[in-house]
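Residue numbers (the numbering used here): 299 to 587. The beta-carbon is built from N, C-alpha and C at its ideal position, and this holds for glycine as well.
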C-alpha cells in the first residue's frame, strides 16, 4: 500500500476485525475503526464507539478514506438483532455512509455457500447484502468465507470449552467437510483486496487449501488432550437447537456445518498470490489450544 492510505473498518471489536486491524496497523495504514462495543485502540488508529453508527459522529472522520472493510454481522438471531436488520438494513446504512463520505471501495465478508438459490435465512440475508453492494455503484470485493480460525475464533472457543468438559460432541456422522482458513491469511488477503485493483468487482470464496472432515478436524485439534469424542444424533442436535436457547449448536450453526460447502481455493490463490497456512499442520502443532 502507498503512504497516507486511510481505511475504515466496521465491526472493529469482532475477531476478524481485530486481526485485520492489527495487520493494517503494523503495516502503517491509517485506520478509522468503528464498533458498537468498546475496543482497544491501536497505533495509527482513530477509534469510534457508536451503538447506532451515528452519521453525525462518523461522517466527518471518514470522509475521503481510500476504502471501507465492512465486518459487521451476526451468526445467530435474537429478538433485538435479526439477520435482516444486521446483514441487510445495516449494510444499506454503510453503503449510504460510503457514498456521502466519497469512499469508492468496499470489502464485505458474506458466507461460503451463499448464492441466488439460497433458502436458509442467514444465507438469504447475506445474498441480499451482496446484491446491495453490487448494485451500489461502488468498487467492491465480496468474500465468502469458510471457518476463519485462530486462537480466539468462536469455533476454536467452542472446542476448547468442550475439551474442558472432557467430551467433544460431533453432530451426526462427522463426515461432512469444512474448508477452514487461518486468520493471518485472511488479514493479508483483505489488506490486498482493499488496495489492489485486481480484486475490484470480484466475488471470492475465502477458503483454505485443504478440505477436512469435521471428525478429522476435531480429532487433530484434541489430539494432545484427554477429551473424548462422542457422536450425537443429528435429529436430537436439531431438536436441542430449536428448543434450548443455551444449546451448544444453533440451527444455523448445524445447517452451515452439515451443509458440506466447498469453495474455489485455486481462484483465491491465483489472485492473492500468498502462501497459505496448512490447517492440518496447524492442528497437529497444537498451537490453537
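Query raised in the report: Alpha carbon to alpha carbon, what distance is there between residue 322 and residue 342?
Result: Position 44 of the chain shown holds residue 342. Position 24 of the chain shown holds residue 322. Rounded to the nearest angstrom, the two C-alpha atoms are 9 Å apart.
Query raised in the report: Across which residues does DSSP place residue 503 in a beta bridge pair?
Result: Here residue 503 is taken as the residue at index 205 of the chain shown, counted from 1. Paired residues: 442.
Query - residue 537, enclosing alpha helix (DSSP H) - first and last residue - result: Working through the chain shown from its first residue, we reach residue 537 at position 239. It spans 532 to 541 - the alpha helix (DSSP H) in which residue 537 sits, taken as one unbroken run.
Report task. Report the option in 554, 444, 572 and 491 whose CA atom is closest to the CA atom of residue 504. Result -> As a first step, residue 504 is located in the chain shown; it is residue number 206 there, counting from the start. Among 554, 444, 572 and 491, the Cα nearest to that of residue 504 belongs to 444.
**Report entry** Identity of the residue in 498, 484, 345 and 483 nearest residue 307 by Cα
**Finding:** One-based indexing of the chain shown puts residue 307 at position 9. Among 498, 484, 345 and 483, the Cα nearest to that of residue 307 is on 345.
Requested in this report: Label residue 469 either buried or exposed according to how many other C-beta atoms from any shown protein chain fall within 10 Å of its C-beta, with 16 as the threshold for buried.
Outcome: Residue 469 sits at position 171 when you count from the first residue of the chain shown. Residue 469 is buried by the Cβ-count criterion.
Report task. Taking only the alpha-carbon atoms, compute the straight-line gap between residue 492 and residue 335 and give it to the nearest angstrom. Result -> Here residue 492 corresponds to residue number 194 of the chain shown, with the count starting at 1. Here residue 335 corresponds to residue number 37 of the chain shown, with the count starting at 1. Approximately 24 Å, taken between the alpha carbons.
**Report entry** Buried or exposed by the 16-neighbour rule on C-beta atoms within 10 Å, applied to residue 317
**Finding:** The residue given as residue 317 occupies position 19 in the chain shown. Buried, by the Cβ-count rule.
Report task. Give the straight-line distance between the Cα atoms of residue 328 and residue 303, rounded to the nearest whole angstrom. Result -> Residue 328 sits at position 30 when you count from the first residue of the chain shown. Residue 303 sits at position 5 when you count from the first residue of the chain shown. Those two C-alpha atoms are separated by around 6 Å.
Report task. Just mark residue 394 as buried or exposed, buried being the case when its beta carbon has 16 or more other beta carbons within 10 Å. Result -> Residue numbering aside, residue 394 sits at position 96 when the chain shown is read from its first letter. Exposed.
Query - Backbone secondary structure at residue 550 - three-state DSSP - result: What you label residue 550 is simply residue 252 of the chain shown in a count that begins at 1. Residue state, collapsed to three classes: helix.
Report task. Give me the Cα-Cα distance between residue 490 and residue 367, rounded to the nearest whole angstrom. Result -> Counting from one through the chain shown, the residue named residue 490 turns up at place 192. Counting from one through the chain shown, the residue named residue 367 turns up at place 69. Whole-angstrom Cα-Cα distance: 12 Å.
Query raised in the report: Roughly how many angstroms separate the alpha carbons of residue 569 and residue 534, rounded to a whole number?
Result: If you number the chain shown from 1, residue 569 lands on position 271. If you number the chain shown from 1, residue 534 lands on position 236. Near 42 Å, if we compare the C-alpha coordinates of residue 534 and residue 569.
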